[in-house]
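The sequence shown begins at 18 in our numbering and counts up by one.
Using N, Cα and C, we set each Cβ at its ideal position, and we do this for glycine too.
First comes the structure, then the notes that go with it.
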Amino acid sequence: MAAQSTVPAHDLSQQGIATNAEIHWNLTTAPLVETSVSREEGLLSKDGALVVETGKHTGRSAKDKFTVKDDTTAETVWFNDGNKPMSPEHFANLKEDFLAALGEKETLFVQDLYGGSQPEHRVKVRVINELAWHNLFIRTLLCRPEREELAGFVPEFTIIDLPTFQADPERHGSRSETVVAVNFTEKLILIGGTRYAGEMKKSVFGVLNYKLPEAGIMPMHCSANIGPNGKSAVFFGLSGTGKTTLSADASRTLIGDDEHGWSDTAVFNFEGGCYAKMIRLDPESEPEIYATTKRFGTVLENVVMDPETRTLDFDDNSKAENTRGAYPIDFIPNSSEENLGPPPSNVIMLTADAFGVLPPIAKLTPEQAMYHFLSGYTAKVAGTEIGVTEPQATFSTCFGAPFMPRHPSVYGDLLKTRIAEAGVDVWLVNTGWTGGPHGVGHRMPIKATRALLNAALDGSLKDAEFRADPNFGFQVPVEVPGVDTAILDPRSTWDDKDAYDRKARELVERFIENFAQFADHVDEGVREAAPKAA
Ligand SMILES: Nc1ncnc2c1ncn2[C@@H]1O[C@H](COP(=O)(O)OP(=O)(O)O)[C@@H](O)[C@H]1O
Ligand SMILES: C=C(OP(=O)(O)O)C(=O)O
Ligand SMILES: [Mn+2]
Numbered sequence: 018m019a020a021q022s023t024v025p026a027h028d029l030s031q032q033g034i035a036t037n038a039e040i041h042w043n044l045t046t047a048p049l050v051e052t053s054v055s056r057e058e059g060l061l062s063k064d065g066a067l068v069v070e071t072g073k074h075t076g077r078s079a080k081d082k083f084t085v086k087d088d089t090t091a092e093t094v095w096f097n098d099g100n101k102p103m104s105p106e107h108f109a110n111l112k113e114d115f116l117a118a119l120g121e122k123e124t125l126f127v128q129d130l131y132g133g134s135q136p137e138h139r140v141k142v143r144v145i146n147e148l149a150w151h152n153l154f155i156r157t158l159l160c161r162p163e164r165e166e167l168a169g170f171v172p173e174f175t176i177i178d179l180p181t182f183q184a185d186p187e188r189h190g191s192r193s194e195t196v197v198a199v200n201f202t203e204k205l206i207l208i209g210g211t212r213y214a215g216e217m218k219k220s221v222f223g224v225l226n227y228k229l230p231e232a233g234i235m236p237m238h239c240s241a242n243i244g245p246n247g248k249s250a251v252f253f254g255l256s257g258t259g260k261t262t263l264s265a266d267a268s269r270t271l272i273g274d275d276e277h278g279w280s281d282t283a284v285f286n287f288e289g290g291c292y293a294k295m296i297r298l299d300p301e302s303e304p305e306i307y308a309t310t311k312r313f314g315t316v317l318e319n320v321v322m323d324p325e326t327r328t329l330d331f332d333d334n335s336k337a338e339n340t341r342g343a344y345p346i347d348f349i350p351n352s353s354e355e356n357l358g359p360p361p362s363n364v365i366m367l368t369a370d371a372f373g374v375l376p377p378i379a380k381l382t383p384e385q386a387m388y389h390f391l392s393g394y395t396a397k398v399a400g401t402e403i404g405v406t407e408p409q410a411t412f413s414t415c416f417g418a419p420f421m422p423r424h425p426s427v428y429g430d431l432l433k434t435r436i437a438e439a440g441v442d443v444w445l446v447n448t449g450w451t452g453g454p455h456g457v458g459h460r461m462p463i464k465a466t467r468a469l470l471n472a473a474l475d476g477s478l479k480d481a482e483f484r485a486d487p488n489f490g491f492q493v494p495v496e497v498p499g500v501d502t503a504i505l506d507p508r509s510t511w512d513d514k515d516a517y518d519r520k521a522r523e524l525v526e527r528f529i530e531n532f533a534q535f536a537d538h539v540d541e542g543v544r545e546a547a548p549k550a551a
């Protein structure tokens, strides 16, 4: 029995792709799971999740990402070490070899999907996969069109994803056999040499981050949810800072866990699914995410499973530190049906400070908000990017430099306008270390972070007594009901106060050094919002 759905009028041949492969168009979850298992791409867990391995690449290959530099992008893309240029000639070679590889496949899986839940601002994306489980992944992660929309679907962007492709640095201008190449003129993205599925969803993110500012929409690397009072909050943060974990909260309606747009009328999800870290997943502090691991339709990457009993071991990091689970957004019980909410009333900036210097929460002025948004400080936690094996302090502008094709001031100006228009409150939240730096102290308890967030988001925290942080100048609450007062003052949690002061000065120096590149792009108020050197 062939699980075949209608072939869209605009098929691959119309895109210049010639192949004799059997093409599976827009298969739904069940046939994709069946096909993945029958092709031995993965195994079912005892509760029905599909468990797969990604092999060598268990995280994004940030250093292998390229954007074609041509007339479209020369002036609009901010080329730098994280946004590396590729010549049109190298891309042409790469495309030729990708098309040749497609021609030789026996089977291909294609999904037509949307990036973006707000109809006026979404992008139509076609994803062509050689692996059934990759096709299931991207169908799970992006927004799924209604069945009747598929026959007439004409993609704007196309992603060709071939994990078995081996790039050749000489012929393709790549750095290694792995390549993620984005061409904004041809609206084509080529992903080769990696089975880490997250590359696909983050590529669509890059497309929207490029496109939406032209329409005045602020694209954001953030999670988002809606409180019982009907007000939305967004949680900016780099990988590992807690976007996914903290946005899944029984008392709030989830909009999305990773990528959103802020339009005049809404905060809307770019995606239709979530991609959670599974390592050491604790059913008590993350019950909603834990429950998704026991469902048919969830895809688990690199989670270790007993091949006989098919039970999962979330504590085993022998395949990866960055173990992942992909599930549709409605697997989280309290999630928004429309995948969107009203424009945010609160903006949270999450940071996982490995120095243990920043307080667990602070209130920012609009100028401090701009300063911290452009700085994008965190400590990268092991796993999501290759080569990062222990936490390391890093500045990634807009809390998402690898995904932001344009100059940070483009996104900064959008945020500034949005914050001013809506009169939103902005908070900096440290989900990182307390009681000392990484290695001495410990990670902030999730319970404490949640309690502080709830106080900020229900408005009660605004009535607390605040003190100015001596190093950063932002306002830190002195006491919050239900939270251990001691953790509110990071210095008090360190045994060695001199050591704290030294580390704090070191961190301040690093902020100042990093911000120099933005000084000319911001007004005096934002420069004034910087921490002061000793
Ligand atoms: N206080 C905390 N707040 C948020 N996450 C925490 C905290 N302490 C530990 N964690 C862990 O840190 C990780 C955060 O990852 P995740 O929520 O996936 O971040 P992101 O979505 O921003 O990449 C999770 O594994 C979570 O269990
Ligand atoms: C999917 C990713 O996002 P995050 O770690 O922020 O959840 C990633 O960085 O590969
Ligand atoms: Mn996440």
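Cβ-Cβ separation, residue j to residue i (assumed contact under 8 Å), whole Å
i	j	result
G601	L391	The shown model of the chain, from 18 to 551, leaves out residue 601, and the question about it has no answer.
V446	G358	With a Cβ gap of about 20 Å, V446 and G358 do not count as contacting.
R192	D81	5 Å
L153	T46	7 Å
F126	L179	That pair is no contact at about 12 Å.
G190	H74	So it is not a contact: roughly 20 Å between Cβ atoms.
E318	T71	6 Å
T411	A396	7 Å
A371	H455	4 Å
C160	G133	7 Å
For residue i: DSSP bridge partner residues
i	result
E496	Partner(s): none; E496 has no beta bridge.
N334	Beta-bridge pairing links N334 to no other residue.
L67	L61, V316
L225	Looking at the DSSP assignment, L225 forms no beta bridge with any residue, so it has no partner.
H238	E276
G358	V284
F412	Y394
D129	R143
D178	N146, I208
P345	G290
L271	N242, S352
E39	T124
Residue i, DSSP secondary structure in three states
i	result
V320	coil
L505	helix
V405	Model confidence at V405 stands at a pLDDT of 49, short of 50, so the residue's coordinates are unreliable and nothing is read from them.
V196	strand
K549	coil
M295	coil
I365	strand
W150	helix
D442	strand
S104	coil
K311	coil
T45	coil
A19	For A19, the predicted structure reports a pLDDT of 46, less than 50, and the residue's modelled location is therefore unreliable. A value from the coordinates is still provided. In the structure shown, A19 sits in coil (DSSP, three-state: anything other than H, G, I, E or B).
K82	strand
L4	The first residue shown for the chain is 18 and the last is 551, placing residue 4 beyond what the model contains.
I145	strand
N447	strand
F483	strand
E301	coil
Check: residue i C-beta below 7 Å from any heavy atom of ligand 3
i	result
T261	yes
Y292	yes
D274	yes
beta-carbon residue i near ligand 1 non-hydrogen atom, thresh 7 Å
i	result
R460	yes
E303	yes
T466	yes
I365	no
L257	Going by the sequence as given, residue 257 is Gly instead of Leu. G257 Cβ: within cutoff of ligand 1.
A254	Rather than Ala, the amino acid found at residue 254 in this sequence is Gly. Yes.
I504	no
T510	no
T451	no
I346	no
Distance cut-off 7 Å: residue i Cβ against heavy atoms of ligand 4
i	result
R77	The model on display carries ligand 1, ligand 2 and ligand 3 but not ligand 4.
heavy atom of ligand 2 below 7 Å from residue i C-beta
i	result
K80	no
K73	no
G215	yes
K219	yes
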